[in-house]
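Protein chains: 2
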Amino acid sequence: MSYEPINFAQKFSLFDDHWKPRVVAEMNDYQFKVVKIEGDFVWHEHEDTDETFIVLDGQLRIDFRDGSVELGPGEMFVVPKGVEHKPFAAEEVRLMLIEPRGVKNTGDAGGERTADNDVWV
Amino acid sequence: MSYEPINFAQKFSLFDDHWKPRVVAEMNDYQFKVVKIEGDFVWHEHEDTDETFIVLDGQLRIDFRDGSVELGPGEMFVVPKGVEHKPFAAEEVRLMLIEPRGVKNTGDAGGERTADNDVWV
Chain A
0 MSYEPINFAQ
10 KFSLFDDHWK
20 PRVVAEMNDY
30 QFKVVKIEGD
40 FVWHEHEDTD
50 ETFIVLDGQL
60 RIDFRDGSVE
70 LGPGEMFVVP
80 KGVEHKPFAA
90 EEVRLMLIEP
100 RGVKNTGDAG
110 GERTADNDVW
120 V
Chain B
0 MSYEPINFAQ
10 KFSLFDDHWK
20 PRVVAEMNDY
30 QFKVVKIEGD
40 FVWHEHEDTD
50 ETFIVLDGQL
60 RIDFRDGSVE
70 LGPGEMFVVP
80 KGVEHKPFAA
90 EEVRLMLIEP
100 RGVKNTGDAG
110 GERTADNDVW
120 V
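So the protein sequences, as listed, match chains A and B.
Residue 89 in numbering that gives the first Met the number 0 sits at position 90 of the first sequence, and the numbers go up by one each step.
Residue 94 in numbering that gives the first Met the number 0 sits at position 95 of the second sequence, and the numbers go up by one each step.
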């Protein structure tokens, strides 16, 4: 039989909202999520896990308390666990997040920006 | 301070050999590896873990005992643990592998195609 790959562009065509990660695949107890972001997010950290950002389209900046990193398409960064960070996108960015199942987008901060978890697309 | 992202194109510029995965980042006990492949590999499986393939350039086919999947740039596939598979690339493919630290490229098969593990670039 012919199996189907996961196509990022096709997945991004299925939603338009920002800051709402959608799961596209799982590997053991980790999830691959696609998300569109634009503007500023909240400062937060993930106490128990690293978090991986891979930029697929656009220019992402991740601010830290002591600096920042800028990522374009074809670039990635792993934010270590326990490190406060705040993503920022002047224009829309399409990115992939990789992290253990159950991680909330707002980490320890919580609040109104917290997205529903384990939403698949 | 300004942190540096991991740039896939830059990493691929640093080596030319095939079937030799290089680690570019770690997330908890998982590793992100880049590898160039061309031609046929050996049938193998990973008994203890799923394995993620993300194609960055070229056309990859992964054969299974009951079929296959074709992946192009911007596509991914997670091979479930315990499922025999054999990657194939008619022309050079640049891809990213994501799997737990310590996973061998030839899985249970071993043999002369087994690459050194935990080689960073």
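Using N, Cα and C, we set each Cβ at its ideal position, and we do this for glycine too.
Below the 9 angstroms Cβ cutoff, chain A contributes M0, S1 and Y2 as neighbours of G66(B), in chain order. Beyond the five residues adjoining it in sequence on each side, A114(B) comes within less than 7 angstroms, by CB distance, of W18, K19, P20 and N104 in the same chain, given in chain order.
Here the C-alpha atom of P4(B) lies approximately 14 angstroms from the C-alpha atom of E50(A). For the stretch 74 to 106 of chain A, residues whose beta-carbon sits nearer than 8 angstroms to a beta-carbon of chain B comprise E74, M75, F76, V77, K80, I97, E98 and P99. CA-CA distance, E98(B) to I36(A), rounds to 27 angstroms. DSSP places K103(B) in no alpha helix (DSSP H); its state is neither H nor E.
The three-state reading of DSSP puts K32(A) in strand, counting E and B together. With respect to the 8 angstroms criterion, F76(B) and F52(B) are classified as neighbours on the basis of their beta carbons.
When N27(B), T48(B) and M0(B) are compared, the shortest CA-CA separation from E25(A) is found for T48(B).
Pairing R100(B) with V34(B), the inter-Cα distance amounts to about 16 angstroms. Here M95(B) is buried. Its C-beta has 16 or more other C-beta atoms within 10 Å. In the three-state scheme derived from DSSP, where H, G and I count as helix and E and B as strand, K80(B) is classed as coil.
Check the Cα spacing between E69(B) and each of F87(B), H45(B) and D107(B): the tightest is with F87(B). The beta carbon of D62(A) sits closer than 7 angstroms to the beta carbons of H84, K85 and F87 from its chain, once the five residues preceding and following it are set aside; these are given in chain order.
Residue contact with chain A for F7(B): present (Cβ-Cβ distance below 8 angstroms to some residue of chain A). Nearest in C-alpha terms to A8(A), of all of V82(B), A89(B) and G73(B), is G73(B). Separation of V78(B) and A89(B) (C-alpha to C-alpha, rounded to the nearest whole angstrom) is 20 angstroms.
Apart from the 5 residues on each side of it in sequence, V120(B) sits with its Cβ closer than 8 angstroms to the Cβ of K10, L13, F14, R21, V22, V23 and V33 in its chain, given in chain order. Against chain B, the CB of T51(A) has a partner CB under 8 angstroms away; the residue lies at that interface. Short of 6 angstroms from the beta carbon of V92(A), and not among the five residues preceding or following it, lie these beta carbons of its own chain, in chain order: I36, G57 and L59. The bridge partners DSSP lists for P86(A) are I61(A).
For D117(B), the closest of Y29(B), M0(B), N6(B) and D16(B) by C-alpha to C-alpha distance is Y29(B).
Taking all protein chains in view, the Cβ of G106(B) is crowded by 16 or more other Cβ atoms within 10 Å, so the residue is classified as buried.
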